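Numbering (our numbering), first residue to last: 340 to 765.
This report concerns only the one structure given below.
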Amino acid sequence: AMLGETLPRLSAAESEAEIATTGLRACAVATSVQRALYVRFDQRTKTCEVLVHVEVDARGRAAVRPYPKSEIVGVEGGLLAEVFRDGGTVVLRSVDSLGVVDADSPESLATREVLGAAITCDDGDRRVVLGALLLFDKVDGGYGDRQARLGSEERQVAVSFASMLGAVIGARQSAELGKELSMAQAIQAQILPASAAVVAGFDLAGDYRTSGEVGGDYFDYVQLADGRTLAVVADVSGHNLASGMMMVSARATLRTLAAVRSDAAHLFSDLASGMFTDLMRTERFITAAGVALRSRSGEVEIVSAGHNEILLYRAADGLVTRLQADSTVFGFVPNAEYECQSVELQTGDCLLLYTDGVTEATNGDEEMFGEDRLAEVLAATASGSSRAIVAAVLAQVDAFREPGQRGDDVTVVAIKKTAVATGKLA
């Protein structure tokens, strides 16, 4: 809920300080900590500046307060050096594990624990550190609990807020003033996975092509609480900054919920409930489909929220069928319920997820590419790798589409069942 409420306000903020303040206050309340810091990293001087300091009162209200120590902080050692190491990570430390702490360092404010999450963005082929989010000391829970601790849930929420802040601040820094579409494209590019997930017994690949303006397509590989990997494809209505920001919100919310959910259907239900108000307010809706994969198992679970039918290729007979799922798109009802469909895959079988930019691409005669033509492409290329299948679909859509036509965004994800290596340990 906090993620969903915060993101639209971030996109409307006029400065980095306002963005940081909005995100930091929401994160402090969501994680129930006593105080939080946003520190901005200066690439030139290799120092940090404490830009925002938030304290949470006894009623759970977060307010900006003057920072009680030096606002300029070095990063040669200490907690921030750990957070910024290897391009950015998340670190949770108890006071006892910090060792000797400099009196002016941010971690000296901690009485029990401090959690640091790097705020980064993508700049071409490299990861750029923008700053860090620091959370201090879980609020005592009452009921006799005087040693409340930060844990995996607070870590996941902090990472989600840091990712959201990095996307917005990074895009704002790299985009020219007033070029709203360019900023949204940069934000969207940062939320797409850099590489396919690695799941034993499966070959996965995905790709996305924007229509030239701001797109609303999204695909991802998300880890569920039970260890399975959820490959998901989604499409938000519209092609503007609001659509792009709504997809960033959906991605952050999905990842946060997935960390504590093992059932893909329940995950979609929670996502529908959590995003309903924002989708209604912005007059948007989202369709989505997901496939839950377990390493070394051919049984997969499929869940859909009003998305395109998933195509299933069977290697045994070379036929392609459509997996239908009657379900509700996100944003139509506040308490939608979803069900999982179980499918057993054999070696060589392939699932194809896609957005309507594939099937609704039109040629010069206003003829749509359609599901039948897509099924033919899948059947003809299914003997190859998932990467080859995805590349073939994109190439066929490009060749079919009328030259110069912008059309819709195109997203394709292929999931192919492979043989699982077996053997005895020596």
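Note that CB positions come from ideal geometry on N, CA and C, so glycine has one too.
Keep in mind it's a predicted model, so treat the numbers as computed, not measured.
Identify the residues that DSSP records as bridge partners of residue i: which are they?
i	result
tyrosine 406	DSSP output for tyrosine 406 lists no bridge partner at all.
isoleucine 411	Glu388
leucine 473	Leu376, Gly455
glutamate 394	Arg374, Ala402
valine 556	The sequence given here has aspartate at residue 556, not valine. Note: aspartate 556 sits in a beta bridge opposite Asp574.
glutamine 562	Thr568
aspartate 381	Thr386
Would you mind reading off the limits of the alpha helix (DSSP H) that contains residue i?
i	result
arginine 712	709 to 720
aspartate 737	725 to 739
leucine 418	418 to 423
How would you label residue i, buried or exposed, when you count the other beta carbons within 10 angstroms and need 16 or more for buried?
i	result
leucine 346	buried
methionine 341	buried
glutamine 658	For clarity, residue 658 is leucine in the given sequence; the question names glutamine instead. Exposed, because fewer than 16 other Cβ atoms sit within 10 Å of the Cβ of leucine 658.
glutamine 529	buried
methionine 619	exposed
serine 725	buried
serine 534	exposed
lysine 755	buried
serine 681	exposed
glutamine 495	buried
arginine 348	exposed
glutamate 355	buried
leucine 734	First, the residue type needs correcting, since residue 734 is alanine and not leucine in the sequence shown. It is exposed - the Cβ of alanine 734 has fewer than 16 other Cβ atoms within 10 Å.
glycine 483	Since pLDDT at glycine 483 reaches only 46, below the 50 mark, its modelled position is unreliable, and no value is offered.
threonine 667	buried
glycine 703	exposed
aspartate 747	buried
glutamine 663	exposed
glycine 343	buried
threonine 720	buried
glycine 416	exposed
aspartate 559	buried
lysine 763	Its pLDDT being 46, under 50, lysine 763 is placed unreliably in this model, and the value from its coordinates should be taken loosely. Answer is exposed; the Cβ neighbour count stays below 16.
alanine 420	exposed
aspartate 435	exposed
threonine 450	exposed
serine 582	buried
threonine 660	exposed
glutamine 373	buried
threonine 384	exposed
glutamate 774	Summary: the structure shown does not reach residue 774, with the chain confined to residues 340 through 765, and so no result is reported for it.
Contact defined as beta carbons within less than 8 angstroms: I believe residue i pairs with residue j. What is the distance between those atoms, to the nearest angstrom?
i	j	result
threonine 360	valine 429	Incorrect: roughly 21 angstroms between the Cβ atoms, too far for contact.
arginine 478	serine 371	Here the sequence assigns valine to residue 478, which means arginine is not the residue at that position. Valine 478 to serine 371, Cβ: 5 angstroms. Contact.
valine 453	valine 412	Between valine 412 and valine 453 the Cβ distance is about 13 angstroms, and since that is not below 8 angstroms, they are no contact.
lysine 408	aspartate 443	5 angstroms
serine 634	valine 538	6 angstroms
alanine 675	serine 608	6 angstroms
phenylalanine 669	alanine 611	5 angstroms
glycine 426	arginine 466	4 angstroms
proline 445	leucine 474	So it is not a contact: roughly 11 angstroms between Cβ atoms.
alanine 604	glutamate 678	5 angstroms
threonine 694	asparagine 647	7 angstroms
alanine 573	alanine 627	4 angstroms
leucine 650	leucine 691	4 angstroms
isoleucine 458	glycine 505	5 angstroms
phenylalanine 708	valine 736	6 angstroms
threonine 621	methionine 586	About 12 angstroms; that fails the 8 angstroms criterion.
Considering residue i, what are the terminal residues of the beta strand (DSSP E) in which it resides?
i	result
threonine 345	Threonine 345 -> not in any beta strand (DSSP E); alpha helix (DSSP H) instead, spanning 341 to 351.
aspartate 569	For clarity, residue 569 is leucine in the given sequence; the question names aspartate instead. Counting along the chain, the beta strand (DSSP E) containing leucine 569 begins and ends at 568 to 575.
valine 429	429 to 433
arginine 548	541 to 548
valine 749	749 to 756
Confirm the yes/no value for this check: CB of residue i, any heavy atom of the ligand HEM, distance under 7 angstroms.
i	result
tyrosine 677	Only the bare structure without any ligand can be found here, which leaves the ligand HEM out of the picture.
Any alpha helix (DSSP H) of 4 or more consecutive residues that is wholly inside the region 659 to 718:
The region 659 to 718 contains, as complete alpha helix (DSSP H) runs of 4+ residues, the segments 695 to 698 (chain order).
Report the residue ranges of all beta strand (DSSP E) runs contained in full by the region 601 to 656; include only those spanning at least 3 residues, in chain order.
Taken in chain order, the whole beta strand (DSSP E) runs of length 3 or more contained in the region 601 to 656 are 625 to 632, 638 to 644, 649 to 653.
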